[in-house]
Amino acid sequence: MSNSRAAWKTIRKLQDAGLLKRVMPEKDITSKPLNGVSTFVPSINKLTIHYDPPSISSGGPSLGMVSFLKLHLATLARQRPYVEICVQPRRAQPPALIATYANGHVKQIETPRMSSGDIVKQFNFLCDTNAGEQVKVKRGQPVKKVLGKMSDRVEGVWDPFTAKQTFKP
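In case it helps, my numbering puts the sequence shown at residues 399 to 567.
Pasting the structure below:
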């Protein structure tokens, strides 16, 4: 807080001296996200829920899925408004969660005879992972490993100061 107050005091002094226009522009320049830069872009686009509607007073493999739809689906959909959720009943098929990701991958998890709590865990797994693959990152390691011969390069790392010497028109 004290740093921001000191900055505002300095700006006030510059305004009084008439030097503010040289230091700061008149318009408020704020960074605005353009074309997906610096915005949250989820990897999942669509989640389809297939279930077999059970007949009255019978169990069946979709009993956990039906209780999941009644108890948890509305709250989970509110938590993730960026996911398109489709619920499709289908006869004589096991219940399944099918996730479609932005990179084109489709991940299907069949959930026969699972409890609604287990289905919530699978739902969260599909929504929170990248293409349905859980990637374990150890602390201090890069997320993407260098593939091929890029790690055994002869030339050095590209530098903007030496690039003018290297790439002359």
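Note that the Cβ used here is the ideal one computed from N, Cα and C, for glycine as well.
| Check | Outcome |
| --- | --- |
| Alpha carbon of Asn443 to alpha carbon of His503, nearest angstrom | 10 Å |
| Pairwise C-alpha distance: Arg410 and Leu524 | 52 Å |
| Alpha-carbon to alpha-carbon, Val439 and Leu412 | 40 Å |
| Residues that Tyr449 bridges to, as DSSP identifies them | Pro487 |
| Gly462 classed as buried or exposed, judged by whether at least 16 other C-beta atoms fall within 10 angstroms | buried |
| Cβ-based neighbour list, Ser465, same chain, cut-off 6 Å, excluding 5 preceding and 5 following | Ser514 |
| Given Ala500 as reference, the closest of Asn528, Ala494 and Ile483 once Cα atoms are compared | Asn528 |
| Endpoints, beta strand (DSSP E) assigned at Val504 | Val504 to Glu508 |
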